[in-house]
Amino acid sequence: MNAITTPGQLQVIKRTGDVAAFDADKIAVAIGKAFLAVEGQQSADSSRIHDRITQLTEMVMNTFNRRLPSGGTIHIEEIQDQVELALMRTGEQKVARAYVIYREQRSEARKQTGAHHHPTLQITDANGQLQPLDLGKLQATIEKASEGLEGIDVQAIVDETVKNLYNGVKQSDISTTMMMATRTRIEQEPNYTYVTARLLRDDLVATGLKFLGLATDTEEGDALETYLKKGIELELLSPELLNFDLAKLAAAIKPERSNQFTYLGLQTLFDRYFIHSNDVRFELPQLFFMRVSMGLALNEEQREDRAIEFYDLLSSFDYMASTPTLFNSGTLRPQLSSCYLTTIQDDLYDIYGAMRDNALLSKWAGGLGNDWTPVRALNSYIKGTNGKSQGVVPFLKVANDTAVAVNQGGKRKGAVCAYLETWHLDIEEFLELRKNTGDDRRRTHDMNTANWVPDLFMQRVIEDAEWTLFTPSETPDLHDLTGAAFAERYAYYEGIAKESNMLHKKIRAKDLWRKMLSMLFETGHPWITFKDVCNLRSPQQHVGVVHSSNLCTEITLNTNKDEIAVCNLGSINLVQHVQGGKLDREKLARTVKTAVRMLDNVIDINYYAVEQARNSNLKHRPVGMGIMGFQDALYELGMGYGSDEAVDFADESMEVISYYAIQTSSDLAIERGVYSTFKGSLWDQGILPIDSLEIVAKSRPERMFEVDRTQRLDWDTLRAKVQKDGMRNSNVMAIAPTATISNICGVSQSIEPTFQNLYVKSNLSGEFTVINPYLVRALKDRGLWDSVMVNDLKHFEGSVQKIARIPDELKAIFATAFEVDTRWIVDAASRRQKWIDQAQSLNLYISGANGKKLDITYKMAWLRGLKTTYYLRALGATSAEKSTINTGALNAVKPTTVAAPVAAVAPEAKPEAPAEEEGFSQAAPVPQACSIDNPDCEACQ
Numbered sequence: 001m002n003a004i005t006t007p008g009q010l011q012v013i014k015r016t017g018d019v020a021a022f023d024a025d026k027i028a029v030a031i032g033k034a035f036l037a038v039e040g041q042q043s044a045d046s047s048r049i050h051d052r053i054t055q056l057t058e059m060v061m062n063t064f065n066r067r068l069p070s071g072g073t074i075h076i077e078e079i080q081d082q083v084e085l086a087l088m089r090t091g092e093q094k095v096a097r098a099y100v101i102y103r104e105q106r107s108e109a110r111k112q113t114g115a116h117h118h119p120t121l122q123i124t125d126a127n128g129q130l131q132p133l134d135l136g137k138l139q140a141t142i143e144k145a146s147e148g149l150e151g152i153d154v155q156a157i158v159d160e161t162v163k164n165l166y167n168g169v170k171q172s173d174i175s176t177t178m179m180m181a182t183r184t185r186i187e188q189e190p191n192y193t194y195v196t197a198r199l200l201r202d203d204l205v206a207t208g209l210k211f212l213g214l215a216t217d218t219e220e221g222d223a224l225e226t227y228l229k230k231g232i233e234l235e236l237l238s239p240e241l242l243n244f245d246l247a248k249l250a251a252a253i254k255p256e257r258s259n260q261f262t263y264l265g266l267q268t269l270f271d272r273y274f275i276h277s278n279d280v281r282f283e284l285p286q287l288f289f290m291r292v293s294m295g296l297a298l299n300e301e302q303r304e305d306r307a308i309e310f311y312d313l314l315s316s317f318d319y320m321a322s323t324p325t326l327f328n329s330g331t332l333r334p335q336l337s338s339c340y341l342t343t344i345q346d347d348l349y350d351i352y353g354a355m356r357d358n359a360l361l362s363k364w365a366g367g368l369g370n371d372w373t374p375v376r377a378l379n380s381y382i383k384g385t386n387g388k389s390q391g392v393v394p395f396l397k398v399a400n401d402t403a404v405a406v407n408q409g410g411k412r413k414g415a416v417c418a419y420l421e422t423w424h425l426d427i428e429e430f431l432e433l434r435k436n437t438g439d440d441r442r443r444t445h446d447m448n449t450a451n452w453v454p455d456l457f458m459q460r461v462i463e464d465a466e467w468t469l470f471t472p473s474e475t476p477d478l479h480d481l482t483g484a485a486f487a488e489r490y491a492y493y494e495g496i497a498k499e500s501n502m503l504h505k506k507i508r509a510k511d512l513w514r515k516m517l518s519m520l521f522e523t524g525h526p527w528i529t530f531k532d533v534c535n536l537r538s539p540q541q542h543v544g545v546v547h548s549s550n551l552c553t554e555i556t557l558n559t560n561k562d563e564i565a566v567c568n569l570g571s572i573n574l575v576q577h578v579q580g581g582k583l584d585r586e587k588l589a590r591t592v593k594t595a596v597r598m599l600d601n602v603i604d605i606n607y608y609a610v611e612q613a614r615n616s617n618l619k620h621r622p623v624g625m626g627i628m629g630f631q632d633a634l635y636e637l638g639m640g641y642g643s644d645e646a647v648d649f650a651d652e653s654m655e656v657i658s659y660y661a662i663q664t665s666s667d668l669a670i671e672r673g674v675y676s677t678f679k680g681s682l683w684d685q686g687i688l689p690i691d692s693l694e695i696v697a698k699s700r701p702e703r704m705f706e707v708d709r710t711q712r713l714d715w716d717t718l719r720a721k722v723q724k725d726g727m728r729n730s731n732v733m734a735i736a737p738t739a740t741i742s743n744i745c746g747v748s749q750s751i752e753p754t755f756q757n758l759y760v761k762s763n764l765s766g767e768f769t770v771i772n773p774y775l776v777r778a779l780k781d782r783g784l785w786d787s788v789m790v791n792d793l794k795h796f797e798g799s800v801q802k803i804a805r806i807p808d809e810l811k812a813i814f815a816t817a818f819e820v821d822t823r824w825i826v827d828a829a830s831r832r833q834k835w836i837d838q839a840q841s842l843n844l845y846i847s848g849a850n851g852k853k854l855d856i857t858y859k860m861a862w863l864r865g866l867k868t869t870y871y872l873r874a875l876g877a878t879s880a881e882k883s884t885i886n887t888g889a890l891n892a893v894k895p896t897t898v899a900a901p902v903a904a905v906a907p908e909a910k911p912e913a914p915a916e917e918e919g920f921s922q923a924a925p926v927p928q929a930c931s932i933d934n935p936d937c938e939a940c941q
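If you want it as C-alpha cells, here you go:
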C-alpha cells in the first residue's frame with residue numbers, strides 16, 4: 001500500500017498525553033483490520049479493499065485538512081470518530097460495526113491493564129516528582145462527588161478528564177480538568193452542577209487545610225479553632241470569637257451541607273466572600289457560615305446556642321443574610337448593614353459633607369440612596385453671593401464620580417441612587433442624566449437615578465391637567481409634606497407663583513409623564529417610585545418623612561439632616577418552606593423567628609462609618625426581612641407565574657411572613673425593650689401594615705386605589721399584642737433583589753420570574769451555564785428530556801413556547817419573564833405590598849415595549865398601591881447564535897447584555913413601535929442575564 005502524504009503540520013495527542021506527528025498510514029491499517037474482521041483474511045490481497053481503504057483514509061484526511069489547513073493538533077479519539085463516520089457515510093455499516101467493537105475492546109483492555117495507574121501518563125506531584133496517574137483514585141474522586149445524584153456518567157467524566165491531561169501535568173491542575181469535564185455537561189443534566197461544586201469544595205478544602213498547617217483529612221469542625229486563630233493573627237477576624245466554647249461549636253458544624261451548593265453558588269463564595277490571605281482562601285464553606293453566625297451572636301447571653309441556631313439556618317439555605325453581613329460578620333470592622341439613605345441639605349458645606357459620608361459608607365460595602373430634592377434649582381437666587389445657582393445637576397456629577405472612586409473596599413462596585421421629586425424645577429434635566437448625548441459634564445453615566453413621585457402628579461396625569469415646577473429654595477415645605485397636606489400647599493404655591501414672581505415653570509403633566517417614560521425606556525432611568533404611599537403607610541410618620549428609597553428601591557425610612565437611615569437585610573428562601581404541595585407555615589414561623597432576631601442583632605453589633613447612621617439606627621432599629629426563591633416555590637407547587645393561583649400564593653406567603661415577623665419583633669420588645677420612638681407610631685396606634693391601606697384609600701379619589709384586602713390570619717389578636725407589648729423594630733420587612741445571595745443558595749432571585757430556562761449567567765465570578773432543573777425534571781418525568789430538547793432550548797433562547805413536543809400545561813408553568821404578562825407581576829406585587837411595612841425591589845418585564853404599554857403598566861403600579869418600582873426590562877431584538885448546539889460550548893461565550901433597557905426612539909415618537917424595532921440590544925451568542933451592573937443590583941444583597 002502506498003503511503004498517504006499529510007499536508008500541513010498535523011499532530012496527534014495520544015491517550016498518554018504525548019504529542020506525535022500525524023501518520024495517515026495508521027488510519028489505513030486500522031480500517032484494514034476492520035475489513036479483515038468482516039471479509040476474512042483473504043481480503044488482504046483484494047485490490048477492491050485496498051482502493052476502498054485509500055478512499056476512506058483520504059476522506060478522513062480531507063476532513064482534518066479542511067478544519068486545520070495550516071496544521072494543528074488532533075486527539076486520537078477524534079481521528080477514530082472520523083473513521084467511524086467515513087465508514088457509515090460510504091455504506092460500510094458492517095465494517096463500521098466491526099471498527100466500533102474493536103475500539104470498545106481496546107478501551108476495555110486499557111482499563112484492565114491500568115486498573116489503578118495509567119499505562120504511560122504521568123503527573124508532577126507537589127514535590128516536582130513524576131508519578132503515574134492513579135486512575136483508580138481519579139474515578140473514586142468523581143464517584144464520591146456523584147453520590148446521591150442521578151444521571152451522572154462517572155466513566156465519561158474520567159475519560160474526558162484523561163483526554164484533556166498531558167504528560168507531566170501538575171497534580172494541582174487535575175481537579176480543574178475534572179471540573180471542566182463536569183461543568184460542560186450541566187446543560188444536559190442539571191445535577192452536574194452539584195458534582196462540579198463538590199469537586200471545587202474538595203479542592204478549596206485541601207488548599208485551606210494546607211494553609212492552616214492541618215492534615216488533608218481534617219474535618220471542618222476540627223479546623224475551627226486553628227482557622228480562627230489564623231484569621232486573628234492576620235488581623236482579619238475579631239479576637240472576640242475565641243471567647244466562644246469552640247468545642248461546642250465545632251461539634252455543631254455539618255460538612256455534608258456543602259453538598260447542596262451549586263457550582264455557581266460555591267464559586268461565588270470562593271471568589272468573593274471567603275476570608276483569604278495573599279489570595280489563598282483558607283476559610284472553608286461551613287467555617288464561613290459558622291464565622292458569620294458567631295459574629296451575629298456576640299451579644300447574646302447564650303452565645304453558643306444562638307450561634308448554632310443561626311448556623312443551622314444559614315447553612316441549610318432556609319435563610320441567607322445580606323452580602324455586607326456575610327462579608328464582615330466576625331471581622332474587625334463588622335459593617336453588616338446593606339443600605340444607607342441620606343437627605344442632602346441646600347448648603348454647600350452639607351453637600352460636600354454628604355459626599356464624604358457617601359465615600360465612607362461605600363468603603364464599607366453600603367449601597368446608597370441620596371435625596372437631592374432640597375437643593376435649589378438652576379437659576380435660583382443665592383443670597384450670599386447675589387448670584388444664581390447652577391442647580392442640582394453639577395453636584396450629582398460629583399456624587400457619581402465619588403461612587404466610582406470608592407468601590408466598596410475593593411470588593412464590588414460602588415453604587416448610589418439619586419432621588420428627586422417630580423415638582424423640582426431641575427426635573428427635566430434630571431431625567432436626562434443617563435443619556436449618552438449632550439454635555440458630558442451634566443451626565444452621570446455610573447449613578448442610578450429615581451423619580452420621587454407624589455400622588456397629586458399622578459392624578460394630574462390621569463386628568464390631563466397642568467403641572468408646575470418650583471425651586472425648593474422658594475417652596476421648602478413641599479419637601480416634608482405628603483398626601484392632602486402636600487396637595488393643599490402645592491395648590492397655594494401655584495396660586496401665588498405668577499403674582500409673586502416665584503421661579504417656576506408650567507408644563508402639561510402628561511408631557512412630563514411621557515418624558516419620564518421615554519427616558520426610562522431609553523436609558524433605564526430614572527426609576528419611578530411613589531412618595532405618598534411610602535409616607536402614608538410608614539409606621540414612623542409621627543417622627544419624620546420618607547424622602548427617598550435606597551439604591552434598590554425596597555427601603556422606605558425617614559431621613560433628615562441629623563439622621564442617615566440604615567437598613568439591615570436578609571432573605572427567607574421561600575422554596576425551602578414548601579412541603580407536600582403547600583406552604584409549611586410552622587417551619588416558616590420558626591425561620592422568621594430566628595431571622596428577625598439575627599437582623600435585630602446587627603443593629604447593636606454594626607460598625608457605623610458616620611455618626612448620623614448610628615444615631616438613626618439605634619433610635620428606630622429598622623430591619624428588612626425579605627424573600628427569594630418565589631419562582632422556585634411556584635415550580636414546586638406546579639403553578640405558572642401568570643396565574644390567579646400564583647397571585648394568591650404571593651398573598652398567602654407574604655401574609656404568613658408578615659404575621660410572624662411582626663409577632664417576633666413584638667416578642668423581642670418584651671425581651672429587649674421597645675425601640676425608642678415607638679410611642680405615637682402606627683404600631684402604637686394599633687395600625688398594622690394591612691390597616692394602613694385605609695389611610696391611602698382616604699387620601700385618593702376612590703377610583704385611583706385598587707388593592708385587594710383579603711385576610712386569612714388572626715390579625716386582631718396580633719394587633720392587640722403589638723399595642724400592649726410594643727415593637728423592637730420600627731420596620732421589619734423589605735424585599736431586596738438578592739442578586740448574589742440567591743446565587744449562593746441556588747434559587748431564583750427575590751420575587752423574579754425565571755429569566756430563561758437555559759442561559760449563561762455572567763457576574764464577577766465568571767460565566768455559568770444555568771438550566772432550569774424543575775423543567776428538566778418535568779420533561780424527564782414525561783420522557784421528553786434528550787439532546788434534541790437541549791438543542792431546541794438553545795435554538796429558542798431558553799423558551800419552551802415554540803417546542804411542539806412540550807405539553808401546554810408545562811408551557812404555562814415554565815413561561816419565562818418576558819412571556820408572563822406584566823399585569824401578573826404587578827398584581828402579585830400588590831398582594832405582597834399590602835403586608836409589607838417597607839417596599840419591594842420590583843423589576844418590570846415588558847415584551848414588545850412601547851409608549852402605551854409603559855403608560856398602562858406604571859399607572860397600574862400606582863393604582864395597585866405599589867410603593868416603588870425598580871428596573872424596566874424590555875425585550876430586545878436578540879437572536880442567539882446557534883453555534884453551541886453541536887459543540888456544547890455553552891460556557892465559552894463573551895459577556896453581553898440582553899434585555900438592556902436601551903432604545904433609540906422615545907415612546908411618544910413611535911407610540912406603537914414594538915421593542916424589537918427599537919434596537920434594545922445586540923445579538924448574543926447565547927441568552928445572557930445578570931451582569932454585575934446592568935441590571936442586577938449587588939449593593940443590597
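Residue numbers (the UniProt record's numbering): 1 to 941. We put the CB at the ideal spot given by N, CA and C, even for glycine.
Within the segment 356-434, the complete alpha helix (DSSP H) segments at least 4 residues long are 393-405 and 427-431, listed from N- to C-terminus. A straight line joining the alpha-carbon of Thr422 with that of Glu702 spans about 23 Å.
Counting of Cβ neighbours within 10 angstroms places Tyr352 among the exposed residues, the total staying below 16. Selection Pro753, Ile741, Pro689 and Lys531 evaluated against Asp632 yields Pro753 as nearest (Cα-Cα).
Taken through DSSP and simplified to helix, strand or coil, Glu554 comes out as coil.
DSSP lists Lys505 as the bridge partner or partners of Leu469. In the DSSP assignment, Arg257 is bridged to no other residue. In this structure, Phe814 is the residue among Ser787, Phe814, Val375 and Glu240 with its C-alpha nearest to the C-alpha of Asn772. The beta carbon of Leu842 lies closer than 6 Å to those of Ala829, Thr869 and Tyr870 in the same chain, with the five residues before and after it left out.
Burial is judged here by how many other beta carbons sit within 10 angstroms of a residue's own beta carbon; Leu693 has at least 16 and is buried.
Taken atom to atom, the span from the alpha-carbon of Gln105 to that of Ala98 is near 11 Å. A straight line joining the alpha-carbon of Asn451 with that of Val647 spans about 27 Å. Comparing alpha-carbon positions, the option among Leu844, Lys388 and Gln579 lying closest to Gly638 turns out to be Gln579.
Short of 7 Å from the beta carbon of Met516, and not among the five residues preceding or following it, lie these beta carbons of its own chain, in chain order: Leu431, Asn451 and Ile528. Linking Asp792 to Pro807 through their CA atoms gives a straight-line distance of about 15 Å.
Taken in chain order, the unbroken stretches of alpha helix (DSSP H) that lie wholly in the segment 614-675 and span 4 residues or more are 630-637 and 644-672. Apart from the 5 residues on each side of it in sequence, Leu133 sits with its Cβ closer than 6 Å to the Cβ of His118, Leu121 and Ile123 in its chain, given in chain order. Judged by DSSP secondary structure, His795 falls within the alpha helix (DSSP H) whose first and last residues are Ser787 to His795.
Using a Cβ distance threshold of 8 Å, Gln540 and Ser681 count as a contacting pair. At least 8 Å separates the beta-carbon of Ile13 from that of Thr90. Annotation: Asp837 to Val623 spans about 10 Å, alpha carbon to alpha carbon.
For Met320, the uninterrupted beta strand (DSSP E) run begins and ends at Tyr319 to Ala321, by DSSP. Under the three-state reduction of DSSP, Gly783 is assigned to coil, being neither helix nor strand. Ala874 and Phe530 have their alpha carbons spaced roughly 21 Å apart. When C-alpha distances from Lys834 are compared across Asp781, Ala669 and Tyr659, the shortest belongs to Tyr659.
Inter-segment contact for the segment 60-75 and the segment 16-32 is present: three or more beta-carbon pairs are separated by less than 8 Å. With a threshold of 16 other beta carbon atoms within 10 Å, Tyr492 falls short and is exposed. Within the same chain, Cβ atoms closer than 6 Å to the Cβ of Val602 are found at Leu336 and Asn568, the five residues on either side in sequence being excluded. Shown here, Tyr607 sits in coil according to DSSP, grouped into three states, outside any helix or strand. Proximity of the segment 467-482 to the segment 491-511 meets the contact definition, three or more beta-carbon pairs being nearer than 8 Å.
In this structure, Leu718 keeps its C-beta atom at 8 Å or more from the C-beta atom of Ile657. Counting the other CB atoms within 10 Å of its CB gives Glu187 a total of 16 or more, which places it among the buried residues. DSSP places Ser699 within a helical segment (H, G or I) once states are collapsed to three. In its chain, beyond the 5 residues on either side, Leu87, Val95, Ala96, Ala98, Tyr99 and Tyr102 have a beta carbon closer than 8 Å to the beta carbon of Ala34.
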